[in-house]
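First up is the structure itself, then whatever we jot down about it.
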Amino acid sequence: MLYTLALYILLGVGLAASAGFLVLHHPRHPFRITEINSSGWVIIIGLIYARSLVLLGIRGSTPHGPWWDTGLSIGLLAATTAVLLIRFVSYLRYLRDHPEDPPTVS
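In full-length UniProt numbering, the protein residues as written are 1 to 106.
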């Protein structure tokens, strides 16, 4: 039960951070390699999180294998979620510090 709750929380927070970044991020030149790099990884991870949440809802979860494998899986998910949160929060900070020049799609 605790394992399933941890999965729901980590996947939900990560998906929210990914979606939040993508909703706010409107680059002037969206097809430059820099912009594809900054948004592409967030899109891919967001899609993986969304798929995982859907499958978790459909199939449920029970940890299989040894405890260290479950711990490693939760740890990697927590690290990935933390990176998404850092990207989202740092982008919010950027928008706050640069209100005169918000990125826009041209």
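For glycine and all other residues, C-beta sits at the position ideal for the given N, C-alpha and C.
Query raised in the report: To the nearest angstrom, how far is it from the Cα of alanine 82 to the Cα of leucine 76?
Result: Numbered from 1 along the sequence shown, position 82 holds the residue referred to as residue 82. Numbered from 1 along the sequence shown, position 76 holds the residue referred to as residue 76. In a straight line, the C-alpha of alanine 82 is about 10 Å away from that of leucine 76.
Query raised in the report: Hey, would you say tyrosine 3 sits closer than 8 Å to proline 63, going by beta carbons?
Result: Translated into the one-based positions of the sequence shown, residue 3 becomes position 3. Translated into the one-based positions of the sequence shown, residue 63 becomes position 63. Cβ distance < 8 Å, so tyrosine 3 and proline 63 count as in contact.
**Report entry** The alpha helix (DSSP H) enclosing arginine 87, as first and last residue numbers
**Finding:** Numbered from 1 along the sequence shown, position 87 holds the residue referred to as residue 87. Going by DSSP, arginine 87 is part of the alpha helix (DSSP H) stretching over 67-97.
Query raised in the report: Touch check for the stretch 6-24 and the stretch 47-61: three-plus C-beta pairs under 8 Å?
Result: The stretch 6-24 vs the stretch 47-61: in contact.
Query raised in the report: If we ignore side chains and look at the alpha-carbon of each, how far apart do arginine 32 and glycine 71 end up?
Result: Residue 32 sits at position 32 when you count from the first residue of the sequence shown. Residue 71 sits at position 71 when you count from the first residue of the sequence shown. Taken atom to atom, the span from the alpha-carbon of arginine 32 to that of glycine 71 is near 38 Å.
Query raised in the report: At what residues does the alpha helix (DSSP H) containing phenylalanine 21 begin and finish?
Result: Position 21 of the sequence shown holds residue 21. Element bounds for phenylalanine 21: 2-24.
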